[in-house]
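The next block holds one structure in the form of structure tokens; read it before the comments.
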Amino acid sequence: MSMEITLSREDIVRLCERVEGAQTRAYAIPKLTDEYPGMTIGDGYAVQLELRRRFLARGHKQVGWKAGLTSKAKMKQMGVDVPSIGFLTDRMARPENAAISTADLVHPRVECEVAFVMKDELKGPGCTAGAVLAATDYVLPAVEIIDSRFSGFKFDLPSVVADNGSSARFVGGGRARYARDLDLRTLGVVLEKNGEIVAMGASAAVLGHPAEAIAMLVNILAELGESLPAGSFVMSGGITEAIAVKPGDSVIARFQELGSVSMRFVE
Ligand code: 0L1
Ligand code: MG
13 MSMEITLSRE DIVRLCERVE GAQTRAYAIP KLTDEYPGMT IGDGYAVQLE LRRRFLARGH
73 KQVGWKAGLT SKAKMKQMGV DVPSIGFLTD RMARPENAAI STADLVHPRV ECEVAFVMKD
133 ELKGPGCTAG AVLAATDYVL PAVEIIDSRF SGFKFDLPSV VADNGSSARF VGGGRARYAR
193 DLDLRTLGVV LEKNGEIVAM GASAAVLGHP AEAIAMLVNI LAELGESLPA GSFVMSGGIT
253 EAIAVKPGDS VIARFQELGS VSMRFVE
């Protein structure tokens with residue numbers, strides 16, 4: 013993946029302000045490539061870095077990272093063919109069984125993911141799934157609430173990377189388990205909305221094995237000159253397609269071996 017930056021510093025800051033406005037005031041904007049058709053993935057990550065810098069300067073704490081677009085179902089749903097990464101902060105975390113407000117979101121969707129908590133730092137390039145598993149403290153089930161800030165969830169990779177991979181909220185829960193006690197490739201998950209099954213899948217949907225997605229994330233971080241710190245909470249990507257939610261919906265993600273994660277959505 014080329015991380016070439018073609019935009020001027022001025023344009024990066026301008027686009028960051030546009031994304032930040034849409035994220036913090038919850039409104040939809042056209043995809044950034046409508047105005048900057050030559051925008052690269054490297055430009056997208058430059059905007060995302062500026063966004064992270066601003067949030068951290070305002071006192072948000074980074075808790076980890078997420079891999080996105082890591083399953084064929086998601087890539088097909090969104091019409092892209094390369095995974096992405098985004099940062100996670102304390103302000104995005106919600107407790108299990110929380111009532112999650114949608115008033116500050118544009119068009120939220122939920123997806124089931126396996127989350128990893130790291131005990132050792134990981135550095136790419138050349139990071140492998142084996143290295144990820146060796147550096148993992150434990151895994152737990154999670155639901156990511158994504159919220160693309162682009163009108164109609166229509167975007168391309170540079171735009172979605174600039175929008176921090178559509179990151180909005182996340183809920184971790186269930187039972188934390190040691191990765192060595194599980195076959196992380198074949199974990200089944202069933203997603204229910206208002207008591208009905210709306211999606212299901214097996215963890216192999218995520219690049220064959222969720223640890224592969226974390227390795228990919230570490231290798232993208234290396235291209236950006238960064239490593240994955242010990243203690244990071246890392247989400248490995250949606251196992252199924254993402255399902256739209258609205259106020260009044262209650263959601264429960266049931267994971268084989270890892271228990272379940274619940275939440276409901278309110279105005
Ligand atoms: O976590 C994800 O896979 C989301 C990445 C961005 C794509 C989307 O908004 O669906
Ligand atoms: Mg996700």
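Under the numbering used here, think of the first position of the sequence shown as 13, with each following residue one higher. All residues carry an ideal CB built from backbone N, CA and C; glycine is no exception.
Taken through DSSP and simplified to helix, strand or coil, THR148 comes out as strand. At a Cβ-Cβ threshold of 9 Å, ASP159 and ALA174 do not count as neighbours. Relative to MET15, the option among GLY207, SER96, GLN35 whose CA is nearest is SER96.
For LYS258, the number of other beta carbons within 10 angstroms of its own is below 16, and it is reported as exposed. Per DSSP, reduced to three states, the secondary structure at GLN35 is helical.
Every residue whose beta carbon comes nearer than 7 Å to a heavy atom of the ligand MG appears here in chain order: LYS78, GLY80, GLU123, GLU125, GLU156, ILE158, MET247, GLY249, GLY250. Rounded to the nearest whole angstrom, the C-alpha separation of TYR150 and LEU196 is 12 Å. In this structure ARG21 is exposed. Its beta-carbon is surrounded by fewer than 16 other beta-carbon atoms within 10 angstroms.
With a minimum length of 3 residues, the unbroken runs of beta strand (DSSP E) contained wholly in the segment 172 to 233 fall at 179 to 184, 200 to 205, 208 to 214. Our two residues, GLY249 and GLY98, have alpha carbons roughly 11 Å apart in a direct line.
Burial state of VAL278 is exposed, judged by a 10 Å Cβ sphere holding fewer than 16 other Cβ atoms. In this structure, the CA atom of TYR48 is about 14 Å from the CA atom of ALA58. Taken through DSSP and simplified to helix, strand or coil, PRO170 comes out as helix.
Nearest in C-alpha terms to ALA242, of all of GLU123, GLY54, TRP77, HIS119, is TRP77.
The Cβ atoms of VAL129 and VAL246 sit closer than 9 Å to each other. Just measuring C-alpha positions, the residue of ALA85, ALA147, ALA256, ALA38 sitting nearest LYS205 is ALA256.
The DSSP-derived three-state label of VAL94 is coil. The ligand 0L1 has a heavy atom closer than 8 Å to the beta-carbon of GLY177. One Cα belongs to PRO42, the other to ASP193, and the distance between them is close to 45 Å. Annotated three-state conformation of GLN74 is strand, per DSSP. Placement of the Cβ of PHE165 at a distance of less than 8 Å from at least one heavy atom of the ligand 0L1 is found. Assignment of MET275 by DSSP, reduced to helix, strand and coil, places it in the strand class. Sequence-distant Cβ neighbours of CYS139 in its own chain, meaning closer than 7 Å and more than five residues away, are ALA227, VAL230, ASN231. When the alpha-carbon of GLY142 is set against those of ILE53, LEU61, HIS221, the nearest one is in HIS221. Apart from sequence neighbours up to five positions away, the residues of its chain that approach ILE157 with a beta-carbon distance below 6 Å are PRO120, VAL122, ALA180, ARG181, ordered along the chain. Secondary structure of CYS139 (DSSP, three-state): coil. For ALA110, there is no enclosing beta strand (DSSP E), as DSSP marks it with neither H nor E.
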